[in-house]
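Engineer: Residue numbers (my numbering), protein chains in the order written: chain A, 23 to 311; chain B, 317 to 645. First the structure, then my questions, so here it is.
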């Protein structure tokens, strides 16, 4: 549900978590992004930074400048002034990322986990089973058949937390228990209802089933698509995974290594929340909630 | 002016304070010193601003050679520092002559020593900070902990930098000698996912700091947690474990419950993820985390938000020139 009033929860002496609801839907992310933008605009003294996520936003503040109670009052004033999200039109770049589904690298990682840490159903079979799909081909079609909305970046520099924009492609899965100690860099995974790309070899908890050769963060600033940032994505970007073969993966990997890879990004689109809502309403979509 | 790294120690890194603020929404942690109390005092001893870049030395300190006459100070853990073989007092500024060698060994007391150098460490800032986030290879010297043979460039010292300044006894952190620590915690943000017994158990149990701990997280071994209905019955997008929640922003210091294992998210920790945070360690208690070693025992003590903020205020008041005594004889 979306709470009638956000909850303002303390995180130690200098953080506040603003929780807008307890489900994953785009509306909640718009609220979190909208509040983050409103905070920037309002230049509230004592707010150091914010980190909006799917259904909540973390605020880092300096308690010597603004108290918890004053911050809560300021934020609740800004929330009241946010207005309906239907009016939002956001700059939204669309990235096409090549990805090998059911690839040998995530397969090796899952087998390593099964052998050394805990028995489990292979991640792609588990996704089929949990989401009532026919087989892994069906899973690949569904997962690659939607645009993803970059709701936030976090966990690791540049890691995108994404939601399927097409409600017919919404899938869910539990996270690993215990978590993996390693995940191949570029692995694509799903946990809860969120899809993520691991920027490099990292521990992780999402079910994994594909891998992209395209870097999503770039310390050395070698690629123009990063537009001066270390991270490829910004919240509000969209991503589409384009299934490719292992041979294509290796070709792209070489182009990345020698700096000649051209990112496939289209930057002419705006994302209209009103049009999006009208479209999803027209689908009569199947939803899991 | 440079420092030549002869032996780097176990994990010696450039840090500044408060570190890399402002990029949590892209996933960049602040990094910075684990024990910012000792760190700030080390800088004051050598005439730097409290946040100037200095070295954090974890468990085993470095051996290094001074390229020029340099005022330095060592604070925090006692790694039995020597200058050309002669013992160097902690909590005091000292002048090294060109060519002299500062050697530090295993931490006899505490876990992290801080070595501040007059003028600070002159490396390029990354996103506004010189703090090393070595798991991602950014900041500090080449993005990583120091390596043998590196020349670490130093900045220009303040005219006031001199030997013989000392931190008054009452302003120094008292490092536990019995391997037990009382750590303050504030309930929240996700405290309502834990039931009454779970809270009572957390606050009364001994928690052992696991060896699988580093600057991203401190893992704790202890009893299991129990949960409220909210954690047990929820929409599938949260994930199926009681401790799973829709991915959310993490406060630094969060006690992050991954399954049944609490992990305190520290300076290089993740900014977001899908586990609940029933408690948060406030900033003013971080120095205790920084000075504890794996195998040591934590007990947690609940404090209010206001109390935790008062702690930070008291700590900031200690980390000023008022705590530095003038020339000693």
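By construction, the Cβ of each residue, glycine as well, lies at the ideal position given by its N, Cα and C atoms.
1) Does residue 134/A have its Cβ less than 8 Å from a Cβ in chain B?
2) Could you work out which residue in 198/A, 107/A, 233/A is closest to residue 165/A when comparing CA atoms only?
3) If we cut at 8 Å on Cβ distances, does residue 171/A have a partner in chain B?
4) What is the rounded straight-line gap between the Cα of residue 144/A and the Cα of residue 229/A?
5) Do the region 536–544 of chain B and the region 507–523 of chain B meet, that is, are 3 or more Cβ pairs less than 8 Å apart?
6) Can you find at least 3 beta carbon pairs, one from the region 214–224 of chain A and one from the region 550–570 of chain B, that sit closer than 8 Å?
7) Run through DSSP, which three-state label would residue 124/A get?
8) Just how far apart, CA to CA, sit residue 540/B and residue 496/B?
9) I believe residue 569/B touches residue 491/B by the beta-carbon criterion, under 8 Å. Please report the beta-carbon distance rounded to the nearest angstrom.
10) How about residue 93/A and residue 101/A: are their beta carbons less than 8 Å apart?
11) Could you tell me how far apart the beta carbons of residue 162/A and residue 220/A are, in whole angstroms, since I believe they sit closer than 8 Å?
12) Would you be able to state if there are at least three C-beta pairs under 8 Å between the region 627–638 of chain B and the region 355–366 of chain B?
13) How many angstroms separate the CA atom of residue 71/A from the CA atom of residue 199/A?
14) Determine the burial state of residue 630/B: buried for a count of at least 16 other Cβ atoms within 10 Å of its Cβ, exposed for fewer.
15) Going by DSSP in three states, residue 549/B sits in which element: helix, strand or coil?
16) Rounding to the nearest angstrom, what Cα-Cα distance links residue 538/B and residue 202/A in this structure?
17) Using a beta-carbon distance below 8 Å, is residue 545/B in contact with chain A?
18) Just to confirm, are residue 239/A and residue 223/A a CB contact at a threshold of 8 Å?
19) If you run the structure through DSSP and keep just helix, strand and coil, what is residue 537/B?
20) Starting from residue 111/A, follow its DSSP beta bridges and name the residues at the other end.
21) Buried or exposed: residue 450/B, going by 16 or more other Cβ atoms within 10 Å of its Cβ?
22) Tell whether a beta-carbon distance below 8 Å holds between residue 389/B and residue 409/B.
23) Compare the Cα-Cα distances from residue 467/B to each of 323/B, 623/B, 638/B and report the closest residue.
24) Of all Cβ atoms in chain B, is any one closer than 8 Å to the Cβ of residue 83/A?
25) Should residue 405/B be labelled buried (16 or more other beta-carbon atoms within 10 Å of its own) or exposed?
26) Could you spell out where the alpha helix (DSSP H) holding residue 146/A opens and where it closes?
27) Note down, in chain order, all residues in the region 327–357 of chain B with a beta-carbon under 8 Å from any beta-carbon belonging to chain A.
28) Using a Cβ-Cβ cut-off of 8 Å, state whether residue 593/B counts as contacting chain A.
29) Quick one: grab the DSSP three-state call for residue 573/B.
30) Can you confirm whether the region 289–299 of chain A touches the region 359–374 of chain B when touching is taken to mean that 3 or more C-beta pairs between the two stretches lie within less than 8 Å?
31) Counting along the chain, where does the beta strand (DSSP E) carrying residue 70/A start and finish?
32) Indicate the three-state DSSP secondary structure (helix, strand or coil) for residue 118/A in the structure shown.
33) Flag residue 174/A as yes if its beta-carbon sits less than 8 Å from any beta-carbon of chain B, otherwise no.
34) In chain order, what residues of the region 182–201 of chain A put their CB closer than 7 Å to some CB of chain B?
35) Just checking my contact of residue 387/B with residue 639/B at CB under 8 Å: how many whole Å lie between their CB atoms?
36) Could you give the distance in angstroms between the alpha-carbon of residue 309/A and the alpha-carbon of residue 44/A?
Structural biologist: Well, looking at it:
1) no
2) 233/A
3) no
4) Going by the C-alpha atoms only, they are around 9 Å apart.
5) yes
6) yes
7) coil
8) 21 Å
9) Rounded, the Cβ-Cβ distance is 20 Å, inconsistent with contact.
10) no
11) About 19 Å separates the two Cβ atoms, so there is no contact after all.
12) Contact holds between the region 355–366 of chain B and the region 627–638 of chain B, because three or more Cβ pairs, one in each stretch, are under 8 Å apart.
13) 32 Å
14) exposed
15) coil
16) 21 Å
17) no
18) no
19) DSSP places residue 537/B in strand when its eight states are reduced to three.
20) Per DSSP, 294/A.
21) Counting Cβ neighbours within 10 Å, residue 450/B comes out buried, since at least 16 surround it.
22) Yes, the pair counts as a contact, with Cβ atoms nearer than the cut-off.
23) 323/B
24) For residue 83/A, the closest Cβ of chain B is not nearer than 8 Å.
25) Around the beta carbon of residue 405/B, fewer than 16 other beta carbons lie within 10 angstroms, which makes this residue exposed.
26) 145–152
27) So the list reads 337, 338, 339, 340, 341, 342, 343, 344, given in the order they occur along the chain.
28) yes
29) strand
30) Segments in contact, no.
31) Secondary structure note for residue 70/A: its beta strand (DSSP E) is the uninterrupted segment 69–74.
32) strand
33) yes
34) 183, 194, 196, 197, 199, 200, 201
35) About 18 Å; that fails the 8 Å criterion.
36) With a pLDDT of only 46 at residue 309/A, under the threshold of 50, the placement of this residue in the model should not be trusted; the figure read from the coordinates follows. Approximately 16 Å, taken between the alpha carbons.
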